[in-house]
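Asks: Residue numbers (our numbering): 5 to 137.
Before we start, here is the structure in question, set down as structure tokens.
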Amino acid sequence: MKYLKDSTLLTSCLVVFFGGSLGSLFRLLITEIPHIGSSPWVIVVINVLGSFFLAYIGAVIPDSYDYSLILKNFIGTGIMGGFTTFSTFILQINQLGRENFLISIIYTLISFILAYIAVIFGKNVGKNRRLNQ
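Listed below in structure tokens is the structure:
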């Protein structure tokens, strides 16, 4: 385990690789849920959940913890990076805009507002959890 801690670049690459694989798999499984998986609103939910968990992880894992960089890279950059879908989000805005411009604006605003609220909430929950331990 000491080797992983000392080999920062190699460790970061490995944990981001495996975390990204898991995050992408989680996203795929959610988009395959019958009746809701094909809705563009699933991407909003995925991005809001990703925003919450990314902020939560950043708040709950103290920088002073020996393995904080490894955990943050695995969960934050890896899992949440693979799970969230910014490029899909932008593509869906474009597709919705071609069909109904007003819906694409509403979709964009709701996505940003909910994701921002999720970040605030995730930070607060993470900080409170860390303080209570």
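Note that CB positions come from ideal geometry on N, CA and C, so glycine has one too.
With H, G and I counted as helix, E and B as strand and the rest as coil, what does DSSP make of residue 88?
Replies: In the sequence shown, the residue the question calls residue 88 occupies position 84. It is coil, neither helix nor strand.
Asks: Can you name the start and end residues of the alpha helix (DSSP H) that residue 128 belongs to?
Replies: If you number the sequence shown from 1, residue 128 lands on position 124. It spans 105 to 135 - the alpha helix (DSSP H) in which residue 128 sits, taken as one unbroken run.
Asks: Tell me which residue opens and which closes the alpha helix (DSSP H) that residue 43 is part of.
Replies: If you number the sequence shown from 1, residue 43 lands on position 39. It is not in any alpha helix (DSSP H) - residue 43 carries neither H nor E in the DSSP assignment.
Asks: Using a Cβ-Cβ cutoff of less than 7 Å, which residues in the same chain neighbour residue 93 once the five nearest sequence positions on both sides are dropped?
Replies: In the sequence shown, residue 93 corresponds to position 89, counting from 1. Closer than 7 Å at Cβ, skipping near neighbours: 47, 51 and 115.
Asks: The alpha helix (DSSP H) that contains residue 11, what's its start and end?
Replies: If you number the sequence shown from 1, residue 11 lands on position 7. First-last for residue 11: undefined, no H or E at that position.
Asks: If you reduce the DSSP assignment to three classes, tell me which class residue 68 lands in.
Replies: Taking the first residue of the sequence shown as 1, we reach residue 68 at position 64. Coil at residue 68, not helix or strand.
Asks: Are the beta-carbon atoms of residue 1 and residue 126 separated by less than 8 Å?
Replies: The first residue shown for the chain is 5 and the last is 137, placing residue 1 beyond what the model contains.
Asks: Please look up how many angstroms separate the CB atoms of residue 23 and residue 62, rounded, as I've assumed it's under 8 Å.
Replies: Mapped onto the sequence shown, residue 23 falls at position 19. Mapped onto the sequence shown, residue 62 falls at position 58. That belief does not hold up - the Cβ atoms of residue 23 and residue 62 are roughly 15 Å apart, past 8 Å.
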